[in-house]
């Protein structure tokens, strides 16, 4: 199998054997080098050096396409984020040409609220979606979305896979027709994700958490993410000759549970190489309200067989390793699909005129703090990968400048993508903004790109909020119970508001009225305070040792 030394695609397998990613000294996405190579357009050609490319930089008046890749439950367990165990050569290759944000955070660590938040550019307290059971246009306000904004500015907008969370939260239509030029695509094999398709050691089919499969043996002989890649490639083929620009959003399911992936990826991660989480126990000072009992994991047949106590577990050590193994294998499977997609973008000569944004809706705990899910305010569940590739621009940034350590938020996706595409950046939202259709609550991140011909966000100049990320999570009670992970709106009694700075994470759990959507900051149920330098894993809560006085109102977003 040919390994394409371009934007992608690296295969981790050849003839059943694992291949190490090649050592590439020259990458080709408008990147400076002076040797011969095989460019996107065909045969060997001498590559133009940096000075020549400086004369051919993207003009902000040119119209660029947008490819937005959204992954489900992906924490930054990737090679480009320093994770040495995980094999993610295609995403790493994309990162090498992109501006990568080291400290990006979601606004709520659960699928529907997070996606509605960053796709509208509004925080959960504005969308009023903390669960899965309401549609923001009816429940909060007729807020525009990223794809809708591009559509209204002349783009052909397309959705493949899980972009919006399906169901009530996107009006059972993925927000069609507002956001999309034609109906979104969902893979037909999606309906088998939670059915009995996992062959156990007894030879029978089960609905398991751990589900490496022989793809030829599953219903339809395929998997959802494979189908999504194929559909996205088909659509890109149609876009090759289109005169108008396109906005294509591709949502991948893995590594969301169940870990249902081609079994060959499991071989990349021998169990003897899998370590446990560095902090696998529930911290002594963790308030009960802050803990999530990972009930969705417990419902899987293979986990039920372990007879684990509720709410704190723990999961047996050998099974912990298997969970981590399957998560990492799912990431490598995802990476291979991303590689197929990016390779097609190259082959169709679209990569040199397409912005690529890559991110996840939230992270996922792999045993840290004794938790195995999202549903919290910890870094492991709120921190996400975030990178932007801009043809002719990001690859030319000096090496140290291609990684940003400042804290940023996913609500910044809206203004940043519109700015990179040369569209008018929506104004910042007034307070309140329920009546305003087009505005954004996130910062415009264009200043980090150092593209002096693009509009930056004057709000950032000298503002102490510049390096603060906000998140929140609802709870139905002070102690873990059956619906602590995903409480319905009517059952929410407490809201955990969290701020993350470069120095600390500070969370207060306060009373919340779901009928009025109001938090009572004088009704503090519990607090958490972790200092990053001395406690990077957030295991030692010093809230009760500090001179706390509730959530600082001056730091509210």
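Numbering (the working numbering), first residue to last: 104 to 660.
Even for Gly, the Cβ is constructed at its ideal location relative to N, Cα and C.
Check: Pairwise C-alpha distance: residue 281 and residue 74; Outcome: The chain is shown from 104 up to 660; residue 74 falls before or after that span and cannot be answered.
Check: Distance CB(residue 600)-CB(residue 613) smaller than 8 Å; Outcome: yes
Check: Rounded C-alpha distance that separates residue 283 from residue 193; Outcome: 28 Å
Check: Distance CB(residue 516)-CB(residue 429) smaller than 8 Å; Outcome: no
Check: Within the segment 483 to 538, ranges of the alpha helix (DSSP H) (whole runs, at least 4 residues); Outcome: 516 to 523
Check: Under 8 Å between C-beta atoms of residue 604 and residue 510; Outcome: yes
Check: Residue 336: first and last residue of the uninterrupted alpha helix (DSSP H) it sits in; Outcome: 327 to 342
Check: From 545, 526, 520, residue whose alpha carbon lies closest to that of residue 532; Outcome: 545
Check: Within 8 Å, strictly: CB atoms of residue 615 and residue 231; Outcome: no
Check: Test item: CB-CB of residue 188 and residue 362 under 8 Å; Outcome: no
Check: Which of helix, strand or coil DSSP assigns to residue 570; Outcome: helix
Check: Nearest-angstrom beta carbon gap, residue 588 and residue 635 [assumed within contact, 8 Å]; Outcome: Not quite, the Cβ-Cβ distance comes to about 26 Å (not below 8 Å), so this is no contact.
Check: Own chain, CB closer than 8 Å to residue 275, minus 5 neighbours either side, in chain order; Outcome: 269
Check: Inter-stretch contact at 8 Å, needing at least 3 Cβ pairs: the segment 302 to 310 / the segment 205 to 224; Outcome: no
Check: Beta-ladder partner(s) of residue 631, from DSSP; Outcome: 610
Check: Stretch pair the segment 406 to 418 + the segment 323 to 342: three plus CB contacts closer than 8 Å; Outcome: no
Check: Reduced DSSP secondary structure (H/G/I, E/B, other) of residue 371; Outcome: helix
Check: Residue from 526, 578, 574 whose Cα sits closest to the Cα of residue 212; Outcome: 574
Check: For residue 451: DSSP bridge partner residues; Outcome: Answer by DSSP bridge pairing: none, since residue 451 is not bridged.
Check: Residue 372 versus residue 190 - alpha carbon distance; Outcome: 9 Å
Check: Any 3 or more C-beta pairs closer than 8 Å across the segment 167 to 181 and the segment 414 to 425; Outcome: no
Check: With 16 other Cβ atoms within 10 Å as the buried cut-off, status of residue 346; Outcome: exposed
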